[in-house]
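Enquirer: Residue numbers (UniProt numbering): 1 to 333.
Just so it is clear, CB atoms sit at the ideal spot from N, CA and C, and this is done for glycine as well.
The model shown is predicted, which means the values in this text are computed figures rather than measured ones.
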Amino acid sequence: MKFLKLNNGSNMPIVGLGLSVFPEDPKTVETSVELALPIGYRMFDTASLYKTEEHLGVTLKANLLKNPNIKRKDLFIVTKLPQIGMRPDLVDRFVTKSLKDLQLDYIDLYLIHWPIGMEFRGENDLFPMLDVTTKECAYDFKTDLEGIWKALEAQVKAGRVKSIGLSNVNETQIERIVKIAEILPANNQIELHAYIQQPKLRKLCEKYDISITAYYPIGGRNRLQYPEEWQKLAPPVPPLLDDPVVTAISKKHDKTPAQVLLRFLTQLNVAVIPKSSNANRLKENFNILNFTLDSDDMDKLRGLDQGESARTCFGMPGCDKHPEYPFPIAGSK
Ligand SMILES: NC(=O)c1ccc[n+]([C@@H]2O[C@H](COP(=O)([O-])OP(=O)(O)OC[C@H]3O[C@@H](n4cnc5c(N)ncnc54)[C@H](OP(=O)(O)O)[C@@H]3O)[C@@H](O)[C@H]2O)c1
C-alpha cells in the first residue's frame with residue numbers, strides 16, 4: 001500500500017473503500033468490509049449520513065478480535081459530521097455518537113461533510129424536511145463554519161480525533177478556515193474524476209499541504225439513477241467507464257477502465273475511495289498500484305476534463321439558497 005503523508009505527519013492509505021451504499025441496505029457494508037480486509041483494504045470511508053458506521057464498527061471489532069494480523073493502528077477510519085451537527089455546540093455530541101457506533105476510541109480523520117448546516121431536530125432526523133412535496137430540507141442559514149472548525153480542533157486536542165478535514169468546500173471557504181486555523185485541515189474530500197478534475201481547487205490544497213481524497217473516483221453512479229428532484233439540478237453525464245479514451249488506455253495496459261481511472265488519480269497523488277459490494281470489483285479497485293500510466297496516457301486523461309458541467313453531487317434540494325453553498329451554478333463551466 002502507498003500512503004499519503006498528511007500535514008500533521010500521519011499516513012493515510014491512498015486506496016480505501018467507500019461505504020456510502022445507498023440505495024442498498026446499510027447492512028451490506030458488513031459483507032463488503034469482511035471481503036475487503038483480506039484483500040488489504042485498511043482505509044474505510046463512512047459518515048453519519050450513510051448510516052453505515054455501526055455496521056463498519058461491528059465488522060472491524062470482530063476482525064480485530066479474530067485476526068491478530070489486523071491491528072487498530074493499521075486501520076484508517078474516516079467519518080464525517082452530518083449537516084444537522086453543523087453547530088459548534090453539537091460537534092462533541094456527534095463525535096461521541098460516531099465513536100460509539102464505530103466502537104472505537106479515536107477516529108483517524110473526521111471531516112465536515114458539507115459546509116451547509118441543517119436544523120437539528122434530533123440525532124436520527126438526518127434530513128429534516130421543510131417541504132415533503134419538494135423534498136426541500138430545513139436548512140440552518142446561520143452556519144458558523146469557523147466556529148465549527150474550532151470545535152473540531154478541540155476534538156483533536158482531546159485525542160478523540162487524530163486529523164480533521166473538509167469536504168465539498170470551495171476555495172474561499174478553504175482560505176477562511178486556513179486563516180483562523182490552529183490545526184490546518186489535513187484532507188479535503190471532493191468530487192473528483194477524469195470528467196471533473198478541479199485543477200484550481202487542487203492547486204490551492206497543494207499550497208497548504210492539504211491532501212485530497214476523490215469521491216466518485218470512477219464517475220459515481222450515473223445521474224439517471226438519482227431521484228427526480230436531484231436530476232433537475234443538472235443533466236445526466238454519460239458513464240465515464242465507457243469513455244473511448246478510457247477504454248483504449250485500459251486495453252493498452254490490459255487493465256479495466258475502473259483501474260485506469262483510479263490509477264490516474266493516484267498518480268496525481270490523490271487518494272481514492274471507490275465503493276463496491278462485489279468481491280471481484282473490490283479486488284480490481286485495490287490492485288491499481290502495480291502498473292504506471294505513461295505521460296501520453298496522463299495527457300489524454302487530463303484532456304477529458306469537462307469542468308463544472310460534469311459535477312454530479314450538488315447536495316440536497318434547496319441547498320443552493322444557503323449562504324455557504326459551495327459550487328458555481330449547476331451546468332456552468
Ligand atoms: N464527501 C461526500 O460528500 C461524498 C459524496 C459521495 C460519495 N462519497 C464517498 O465516496 C465513495 C465513493 O462514491 P460512490 O460509492 O457513490 O461512487 P463510486 O465509487 O464512484 O462508484 C460506485 C459504483 O460503481 C460500481 N463499481 C465499483 N467498482 C467498479 C468497477 N471496478 N467497475 C465497474 N463498476 C464498479 C459500484 O457497484 P458495485 O457495488 O456493484 O461494485 C457502485 O455502483 C462513497 O462510498 C463515499 O464513501 C463522499
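1) Would you mind giving the Cβ-Cβ distance between Val-29 and Leu-19, rounded to the nearest angstrom? I have them listed as a contact below 8 Å.
2) Ends of the alpha helix (DSSP H) at Asp-298?
3) Rounded to the nearest angstrom, what separates Ile-77 and Trp-149 at their Cα positions?
4) Whole angstroms are fine: how far does the CA of Lys-27 sit from the CA of Asp-296?
5) Does the distance from the CB of Pro-185 to the CB of Ile-177 come in under 8 Å?
6) Ala-279: buried (16+ other C-beta within 10 angstroms of its C-beta) or exposed?
7) In the structure shown, what three-state DSSP assignment does Ala-138 receive?
8) Confirm, please, whether the CB-CB distance from Ser-167 to Leu-126 is below 8 Å.
9) Are there any heavy atoms of ligand 1 lying less than 7 Å away from the beta-carbon of Asp-320, as far as the coordinates show?
10) Taking the CB atoms as reference points, tell me whether Gln-155 and Pro-326 lie closer together than 8 Å.
11) Using the C-alpha atoms, what's the distance from Leu-289 back to Lys-255?
12) Let me know if Glu-34 comes out buried or exposed under the rule of 16 or more other beta-carbons within 10 Å of its beta-carbon.
13) Any contact between the region 115-122 and the region 51-66? By contact I mean 3 or more CB pairs, one from each, below 8 Å.
14) Which class does Tyr-50 belong to by DSSP, given the choice of helix, strand or coil?
15) Ignoring anything shorter than 3 residues or poking outside the region 102-152, list the beta strand (DSSP E) runs there in chain order.
16) For Met-298, which residues of its own chain have a beta-carbon under 8 Å away from its beta-carbon, when the five flanking residues on both sides are left out?
17) Where does Asn-69 land, buried or exposed, given buried means 16+ other C-beta within 10 angstroms?
18) Per DSSP, what kind of secondary structure is Val-15 in: helix, strand or coil?
19) Taking just the CA atoms, how far does Ser-98 sit from Arg-72?
20) Three or more beta-carbon pairs under 8 Å between the region 121-137 and the region 301-310, yes or no?
21) By the 10 Å Cβ neighbour count, where 16 or more other Cβ atoms means buried, how is Leu-6 classified, buried or exposed?
22) Taking the C-alpha atoms as reference points, what is the distance between residue 344 and Gln-259?
23) Where Thr-96 and His-193 are concerned, what is the direct C-alpha to C-alpha distance, given to the nearest angstrom?
24) Please go through the same chain and pick out, in chain order, the residues whose beta-carbon is closer than 8 Å to the beta-carbon of Asn-188, but skip the five residues on each side of it.
25) So for Leu-4, helix, strand or coil by DSSP?
26) In the DSSP assignment, the beta strand (DSSP E) including residue 340 goes from what residue to what residue?
27) Helix, strand or coil: which one does DSSP assign to Asn-287?
28) Distance, Cα to Cα, Gly-57 vs Gly-159?
29) Does the beta-carbon of Arg-80 have 16 or more other beta-carbons within 10 angstroms, so that it is buried, or is it exposed?
30) If Pro-317 sits next to Glu-136, beta carbons under 8 Å apart, how far is it from one beta carbon to the other, in whole angstroms?
31) Looking at C-alpha atoms only, which residue of Lys-252, Leu-261 and His-253 is the closest neighbour of Asp-242?
Expert: Looking at the atomic coordinates:
1) Confirmed, about 5 Å.
2) A quick correction: the sequence has Met, not Asp, at residue 298. Element bounds for Met-298: 295-302.
3) CA-CA distance, Ile-77 to Trp-149, rounds to 19 Å.
4) The straight-line gap from Cα to Cα measures roughly 42 Å.
5) Result yes, Cβ atoms of Pro-185 and Ile-177 sit closer than 8 Å.
6) By the C-beta density criterion, Ala-279 is exposed, having fewer than 16 other C-beta atoms within 10 angstroms.
7) DSSP places Ala-138 in the coil class of the three-state scheme, outside both helix and strand.
8) In this structure, Leu-126 lies away from Ser-167, with their beta-carbon atoms at least 8 Å apart.
9) Not so, every heavy atom of ligand 1 lies at least 7 Å from the Cβ.
10) Not in contact: Gln-155 and Pro-326 (Cβ atoms no closer than 8 Å).
11) Spanning the two alpha carbons is a distance of roughly 11 Å.
12) Glu-34 is exposed by the Cβ-count criterion.
13) The region 115-122 is not in contact with the region 51-66.
14) Reduced to three states, the DSSP call for Tyr-50 is helix.
15) Listed in chain order, they are 107-112 and 129-131.
16) Listed in chain order, the non-local C-beta contacts of Met-298 below 8 Å within the same chain comprise Phe-264 and Gln-267, local neighbours out to five positions each way being set aside.
17) Exposure of Asn-69 is indicated by the presence of fewer than 16 other C-beta atoms within 10 angstroms of its C-beta.
18) The answer is strand: DSSP assigns Val-15 an E or B state.
19) Separation of Arg-72 and Ser-98 (C-alpha to C-alpha, rounded to the nearest whole angstrom) is 16 Å.
20) No contact exists between the region 121-137 and the region 301-310.
21) By the 10 Å Cβ count, Leu-6 comes out buried.
22) A query on residue 344 cannot be resolved here, the shown segment of the chain reaching from 1 to 333 and no further.
23) Spanning the two alpha carbons is a distance of roughly 33 Å.
24) Contacts found: Gly-165, Leu-166, Ser-167, Val-169, Ile-174, Leu-201, Cys-205, Ile-210, Ser-211, Ile-212 and Thr-213.
25) Leu-4: strand per DSSP, three-state reduction.
26) Within the shown structure, residues of the chain are numbered from 1 to 333, placing residue 340 beyond reach of any answer.
27) In the three-state scheme derived from DSSP, where H, G and I count as helix and E and B as strand, Asn-287 is classed as coil.
28) Each residue's alpha carbon lies about 19 Å from the other.
29) In the sequence under discussion, the amino acid at residue 80 is Lys, which differs from the Arg named in the question. Classification for Lys-80: buried.
30) With a contact defined as Cβ atoms closer than 8 Å, Pro-317 and Glu-136 qualify at about 5 Å.
31) Comparing C-alpha distances from Asp-242 to each of Lys-252, Leu-261 and His-253 shows the shortest one belongs to Leu-261.
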